[in-house]
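The numbers in the sequence shown follow the working numbering, run straight up by one, and end at 214. Glycine included, each C-beta is placed from N, C-alpha and C at the ideal position. The model shown is predicted, which means the values in this text are computed figures rather than measured ones. Notes follow the structure.
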Amino acid sequence: MADVKELPDQVREFVALSTQYLRQETVVPAKQLGRFAAISLAAAVCFLLAALFIGIAGVRYLIEALPAGRNWEALGYVLGVLALAIVVAVMFRITASSSKE
């Protein structure tokens, strides 16, 4: 049994250990989670920009491959939109089927 004179020291030690444990179990993992979320968000933005640029390049290539003229250019844009819609539908279907499992 501890002496009454040692009680304040034990309380200080308990508070210090509790604070250290809480930091170890909450603050450090929260910082790591924040870092992971930031990197994931940056990767998502990079993939979004890549998809946008690939889509624009595909439409421009399609327009250049068709004969010259306003109607052909409009057809190139329509075909580009249809191609991107098909890609989105395929991605949605893949995502929906993997979430059911």
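Cα-Cα separation, V124 to Q137: 20 angstroms
Kindly indicate the opening and closing residues of the alpha helix (DSSP H) around G168. 141-178
Helix, strand or coil: which one does DSSP assign to A181? coil
G147, buried or exposed, once every other Cβ within 10 Å from all chains shown has been counted against 16: exposed
Going by the beta-carbon positions, is the gap between L188 and L179 smaller than 9 angstroms? yes
Backbone CA spacing between I169 and Q145 [nearest angstrom]: 36 angstroms
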